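> Starting off with a structure, shown below.
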Amino acid sequence: MLTRDSSHLSYPELLRQSRSFDYSACIRGMRLAVLSDAAVPQLVPLLQVLLGQQGVRADIHLAEYDSIELEVFNDRSALYAFAPDVMVILNAINALRLKYYRCQGDRLQLREEVATKMAAVWDTIGVRSSALVVQSNFVLPYERHFGNFDHKVPDAFHPWVAALNAAIVERARGRANVLLNDVDALASYVGRKHWFDERMWTLCKAFCAFDYLPMVAQNIVDIVLASVGRVVKCVVVDLDNTLWGGVIGDDGIEGVTISPSGEGEPFARLQHYLLELKKRGIVLAVCSKNDPETALEPFRRHPEMVLREDDIAVFVANWQPKPDNLRAIKEALNIGFDSMVFVDDSPFERQLMRESLPDVIVPELPDDPSDYVRALSELNLFETTSFSDEDRRRAELYRENARRQQLRLGVSDISEYLRSLDMRITMKRFDAFHLPRIAQLIQRSNQFNLTTRRYNVAECQAMMSDGETYVPFYLKLSDKFGDNGLISVIILKREAPSLLVDTWLMSCRVLARGVEQYAMNQVVKFAKAHGYTTVVGSYIPTAKNAMVKNFYEQFGFERMDEGAQRETRWLLRVASYTPQEVWMEENHG
Amino acid sequence: MDDAALRQRLNDIFCEVFDDDSIRITDEMTAQDVEEWDSLNHINLIVAVQRSFKIKFTVGEVNNLANVGEFIDLIRGKLP
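Chains A and B are the protein sequences, given in the same order. Residues in the first sequence are numbered from 1 upward in steps of one, following this note's numbering. Residues in the second sequence are numbered from 590 upward in steps of one, following this note's numbering.
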C-alpha cells in the first residue's frame, strides 16, 4: 500500500531505485511467478522495489512471453519447479483482440471458451500448487465498432469484453485460491486514451504505456501484501476541518459546516466514505484537540452528521500531543501501528505523526476538502482478500469489548469477573464453512501467534483433508455481551509418540479470558486419548509476538532446545499435566 | 536546442538507462558497444528519450536505426 501519495510511482525513478535498493532490512521473503500474454520484463524490477519498500524481499520468476497455458498445464514446467507463493497472471486485451477478430463463428461461444480456459488454468494450479493466483481482468477496449449502439449488440467488441470480465468475476468468486487484479479499474481511472500505447505494443508487446506500469505493479503489491495480512484495521480521524468544516470550539454547533450539498458536502461525503469502511470491518477512532464534551456535541446533536457516537470505537479528545493519543488508541484496540491510518487536515500534525510514529500510515490530504475522499481512495489503502461476517460485525465487537472492560473495572476478583461473563466455547475440527475465516485469522494474527505460519485457504483445506498428518482445530467464543465469532486456530501435527503444535494463534480481542487454558486442556485430553505421550510446541519470535514468549512455560512445558530463527522448543509429558481452571461452558450443537 | 546540448542530454539518458556514467556517445556507436544494451534496455532507452524530449517515434523509425548518429538525427528532426 502507498503510505502518502502516488507521486513516487514514476517509472524511471523506480527503475533507478531498483538498481541500488538495499534488501537487507526486509523481514520476510516471498516467491512470485509472473505469467503474461504480453511481454512484461519491466514489471520485475518494479515489483521487487515496491515490495522491498514494504519489507518484503521478492524472488521473481518471469515466465517466457505468452506461455501461461504452456507453463501451467505442464506439471514439469519451470513454473512449478520454482514453487511460487503467488502466481501473477496478466492477460492483455491487446492479445485477446486478435482472437476476437479472427473468430468467424459464434463470438459469444468464444467468450465462454476464454472464461472456461482461464478457470481451467486456475484449477490446474490449484491441484499442483498451493500458490495464490492473482488474475487480471481485461482492460475494456477503446474500439467502438457500432459507436453508441455497441451496447445493443451483445457480440460487439466492447460489450463482449465487459461480459467476459463479468464471467471471469463469477468464476473467481467461487475459488478461494484466486484473487482478482482489477487492471480495468486502473485503466479507466487513468483513461484508456493514455493507458494504451499501441506503438509499444507493436514494438515490444508492452502491457500498457510504460508510465502506468508502476500502477500495475503497485496494484499487485497491494493484493500480495493483503494476502499475507498486511491490512489496515483502523482509521483515526481528526475532527475540525477534517470531519466537518470549521472549529467546533470556536464556531459552536451552529457554526460548523456539514450538509448534503454546498460547502459542507465534502465533509458529509468523507463521513459516508468512513461509514462504508466501518461497515466492512475497519474500526473508526477519533483523535482531536478539543474538550471531550465539545467534540462529542456534533455527533450527538448535529442533524446532518452521518457518523454517530456509536460508530466510533475509541474517542479521544484532549490537548495531549496526537502521537501520545495514537499510542493509547493502539493499546485500546490491540493492533499494530502499521495497521493504522491517520487522517488529519493539518500538515503540522501529519508531519509530527510521521516523525514520531513512522509506522502509522499518514496520507497527504489536498487543500480542498472536496478532494479528501479522492486522495484517500487513490492510495488503495483498504485492500483486503476476504470479507466475512466477522468483518461486518467488527465495530460491534469492539464496542462489546469496551463494555466488558467497564464491567471488569467494577469487579475486583478476576475469576468472579470471568464467571460473570457467561462464556460459551466451541472447539471443532476445520470444516469447509469456516475455512475463509480460518485463513483470514491465520493471515492477520500477529501478536498472539506462536509460530506465525501463514497458511492460505488452499493449504488449510489440504490440512483439513489430511487427517493422517494433521488435527486442525478452530475455536469460537460467545458471552452475555455478544458473539466473538471464530477467535482461535490450533493446528496439531501427528508425529508419534509426540503431538506437535504446528500453529497456535488467537485474536487479541479475547485476551485474558481463559480461552488458551481451556484449549490446552482439550489438546492434552486429545493427546491422551490417542496414545501420545508428549506434546511438543515451539515459539518462533517475530517483531510482534513477544506476548506469547512464555506461553508454554505457564502450562508446565520444559524447554528442549533452540532451532533455526531463534526458535525455542518446548516439551510436555502428557502424564504430568495439571489441568487448568476454566471459566467457560462448552457449547454443544 | 543546439547540437551540443542535445548530445549532452542524450548522453545523460544513456548513462542513466545503462547504469554506467563512463559512457560517451559517438555517432558510430551501436548496441554492440555497450554491455548493458539488451532488448529490454533498448525499450527503456526509447521510453526515456521520448519522455525527456517530449517526442514520439514511430515503430518503423525505431526499427530502422543503425547507430547513435542516426538516432541523434531522428531526435533532431522531431524537435520544434
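Glycine residues also receive a C-beta, built at the ideal position from the N, C-alpha and C atoms. Quantities reported herein were computed from a predicted structural model and do not represent experimental measurements.
Anything in chain A within Cβ reach of Asp608 (chain B), meaning under 8 Å, just list it in chain order.
Here residue 608 (chain B) is taken as the residue at index 19 of the second sequence, counted from 1. Simply Arg19.
> Are the beta-carbon atoms of His158 (chain A) and Leu132 (chain A) separated by less than 8 Å?
Mapped onto the first sequence, residue 158 (chain A) falls at position 158. Mapped onto the first sequence, residue 132 (chain A) falls at position 132. Against a cut-off of 8 Å, the Cβ pair of Leu132 (chain A) and His158 (chain A) comes out as no contact.
> What is the DSSP secondary structure of Asp59 (chain A), counted as helix, strand or coil?
Within the first sequence, numbered from 1, the residue matching residue 59 (chain A) stands at position 59. If DSSP states are grouped into helix, strand and coil, Asp59 (chain A) belongs with the strands.
> Going along the segment 620-633 of chain B in order, which residues come within less than 9 Å of chain A, judged by CB to CB distance?
Under the 9 Å Cβ criterion, the segment 620-633 of chain B contributes Ser628, Leu629, His631, Ile632, Asn633.
> Taking the beta carbon of Phe146 (chain A) as the centre, do at least 16 other beta carbons fall within 10 Å, making it buried, or is it exposed?
Indexing the first sequence from 1 puts residue 146 (chain A) at position 146. Result: exposed.
> Along chain A, which residues have their Cβ under 7 Å away from the Cβ of Ala637 (chain B)?
In the second sequence, the residue the question calls residue 637 (chain B) occupies position 48. Within chain A, the residues near Ala637 (chain B) are Pro12.
> Three Cβ pairs or more, each shorter than 8 Å: is that satisfied between the segment 270-289 of chain A and the segment 234-245 of chain A?
Output reads yes: the segment 234-245 of chain A touches the segment 270-289 of chain A.
> Report the three-state DSSP secondary structure of Thr426 (chain A) (helix, strand or coil).
Position 426 of the first sequence, counting from 1, holds the residue named residue 426 (chain A). Note: Thr426 (chain A) maps to strand in three-state DSSP.
> From what residue to what residue does the beta strand (DSSP E) around Tyr474 (chain A) run?
Residue 474 (chain A) sits at position 474 when you count from the first residue of the first sequence. Where Tyr474 (chain A) is concerned, the enclosing beta strand (DSSP E) stretches over 470-479.
> Write down the C-beta distance between Ala527 (chain A) and Val582 (chain A) rounded to the nearest angstrom, noting that I regard them as a contact closer than 8 Å.
On the first sequence, position 527 is the one that residue 527 (chain A) refers to. On the first sequence, position 582 is the one that residue 582 (chain A) refers to. 17 Å between Cβ atoms; not a contact.
> Which one or two residues does DSSP pair with Ala519 (chain A) in a beta bridge?
As a first step, residue 519 (chain A) must be located in the first sequence, where it is residue number 519. DSSP lists no partner for Ala519 (chain A).
> Do you know offhand how far Met87 (chain A)'s Cα is from Gln443 (chain A)'s?
As a working note, residue 87 (chain A) is residue 87 in the first sequence. As a working note, residue 443 (chain A) is residue 443 in the first sequence. In a straight line, the C-alpha of Met87 (chain A) is about 18 Å away from that of Gln443 (chain A).
> Applying the 10 Å Cβ sphere with the 16-neighbour rule, what's the burial state of Gly105 (chain A)?
Translated into positions along the first sequence, residue 105 (chain A) becomes position 105. Label assigned to Gly105 (chain A): exposed.
> Name the residue from A:Arg171, A:Ile223, A:Arg16, A:Leu435 whose alpha carbon lies nearest to the alpha carbon of Glu459 (chain A).
Along the first sequence, read from residue 1 onward, the residue named residue 459 (chain A) stands at position 459. Answer by Cα proximity: A:Leu435.
> Could you compute how far the alpha carbon of Glu309 (chain A) sits from the alpha carbon of Ala317 (chain A)?
Here residue 309 (chain A) corresponds to residue number 309 of the first sequence, with the count starting at 1. Here residue 317 (chain A) corresponds to residue number 317 of the first sequence, with the count starting at 1. Cα to Cα, the separation comes out at about 13 Å.
> Find the nearest neighbour of Gly336 (chain A) within the set A:Ile258, A:Lys233, A:Val343, A:Trp201, judged by alpha-carbon distance.
Counting from 1 along the first sequence, the entry for residue 336 (chain A) is found at position 336. That would be A:Lys233, whose Cα lies nearest to the Cα of Gly336 (chain A).
> Can you find a C-beta in chain A that's less than 8 Å from the C-beta of Val657 (chain B)?
Translated into the one-based positions of the second sequence, residue 657 (chain B) becomes position 68. Output row for Val657 (chain B): interface = no.
> Consider the Cβ of Phe210 (chain A): report whether some Cβ of chain B lies at a distance smaller than 8 Å.
As a working mapping, residue 210 (chain A) is identified with position 210 in the first sequence. True, the Cβ-Cβ gap to chain B drops below 8 Å.
> Using a Cβ-Cβ cut-off of 8 Å, state whether Leu62 (chain A) counts as contacting chain B.
For this step, residue 62 (chain A) is matched to residue 62 along the first sequence. Chain B contact via Cβ: absent.
> Which partner residues does Met30 (chain A) have in the DSSP bridge list?
Taking the first sequence and counting its residues from 1, one reaches residue 30 (chain A) at position 30. A:Ala58, per the DSSP bridge assignment.
> In whole angstroms, give me the CA-to-CA distance for Ala39 (chain A) and Lys205 (chain A).
Position 39 of the first sequence, counted from the first residue, corresponds to residue 39 (chain A). Position 205 of the first sequence, counted from the first residue, corresponds to residue 205 (chain A). Those two C-alpha atoms are separated by around 5 Å.
> Nearest-angstrom Cα distance between Leu663 (chain B) and Ile361 (chain A)?
Numbered from its first residue, the second sequence carries residue 663 (chain B) at position 74. Numbered from its first residue, the first sequence carries residue 361 (chain A) at position 361. If you take the alpha carbons of Leu663 (chain B) and Ile361 (chain A), they lie about 47 Å apart.
> Report the residue from A:Thr384, A:Ala209, A:Ala163, A:Tyr539 whose alpha carbon sits nearest the alpha carbon of Asn550 (chain A).
Here the question's residue 550 (chain A) lines up with position 550 in the first sequence. For the residues A:Thr384, A:Ala209, A:Ala163, A:Tyr539, the minimum Cα distance to Asn550 (chain A) belongs to A:Tyr539.
> Here's the rule: buried if 16 or more other CB atoms are within 10 angstroms of the residue's CB, otherwise exposed. What is Gln320 (chain A)?
The residue labelled residue 320 (chain A) in the question sits at position 320 within the first sequence. With fewer than 16 other Cβ atoms within 10 Å, it is exposed.
> Using a Cβ-Cβ cut-off of 8 Å (strictly less than) and excluding sequence neighbours within five positions of Ser67 (chain A), which residues of its own chain qualify?
Working through the first sequence from its first residue, we reach residue 67 (chain A) at position 67. Around Ser67 (chain A): Leu35.
> Could you work out which residues of chain B lie near Thr202 (chain A), taking near to mean beta carbons separated by less than 8 Å?
As a working mapping, residue 202 (chain A) is identified with position 202 in the first sequence. Result: Val648.
> Note down, in chain order, every chain B residue with its Cβ under 9 Å from the Cβ of Pro214 (chain A).
Translated into positions along the first sequence, residue 214 (chain A) becomes position 214. Near Pro214 (chain A) there are no residues of chain B at all, since even the closest Cβ is about 13 Å away, more than 9 Å.
> List the whole-angstrom C-beta distance separating Asp5 (chain A) from Asn91 (chain A), where the pair is believed to meet the contact cut-off of C-beta under 8 Å.
Translated into positions along the first sequence, residue 5 (chain A) becomes position 5. Translated into positions along the first sequence, residue 91 (chain A) becomes position 91. Wrong, their Cβ atoms sit about 30 Å apart, outside the cutoff.
> Cβ atoms of Asn446 (chain A) and Lys544 (chain A): under 8 Å apart, would you say?
On the first sequence, position 544 is the one that residue 544 (chain A) refers to. On the first sequence, position 446 is the one that residue 446 (chain A) refers to. Yes, Cβ-Cβ distance for Lys544 (chain A) and Asn446 (chain A) is below 8 Å.
> Under three-state DSSP, which class holds Tyr101 (chain A)?
On the first sequence, residue 101 (chain A) is found 101 positions in, with the first residue counted as 1. Of the three classes helix, strand and coil, the one that applies to Tyr101 (chain A) here is helix, per DSSP.
> Would you say the segment 59-78 of chain A touches the segment 118-128 of chain A, given that touching needs at least three Cβ pairs under 8 Å?
Taking 8 Å as the limit for Cβ pairs, the verdict is that the segment 118-128 of chain A does touch the segment 59-78 of chain A.
> For Arg308 (chain A) and chain B, any beta-carbon pair shorter than 8 Å?
The count along the first sequence starts at 1 and reaches residue 308 (chain A) at position 308. Closer than 8 Å: no.
> If the cut is a Cβ gap below 9 Å, which residues of chain B does Arg199 (chain A) touch?
Along the first sequence, read from residue 1 onward, the residue named residue 199 (chain A) stands at position 199. The contacting residues are Lys645, Phe646, Thr647, Val648, Val651.
> Between Leu475 (chain A) and Ile438 (chain A), how many whole angstroms is the CB-CB distance? I'm expecting something under 8 Å.
In the first sequence, residue 475 (chain A) corresponds to position 475, counting from 1. In the first sequence, residue 438 (chain A) corresponds to position 438, counting from 1. So it is not a contact: roughly 11 Å between Cβ atoms.
> Taking just the CA atoms, how far does Met340 (chain A) sit from His302 (chain A)?
By one-based count along the first sequence, residue 302 (chain A) stands at place 302. By one-based count along the first sequence, residue 340 (chain A) stands at place 340. Each residue's Cα considered, the two are about 28 Å apart.
> Thr124 (chain A) lies in the alpha helix (DSSP H); which residues open and close that run?
Start at 1 with the first residue of the first sequence, and residue 124 (chain A) comes out as number 124. Note, Thr124 (chain A): alpha helix (DSSP H), 107-128.
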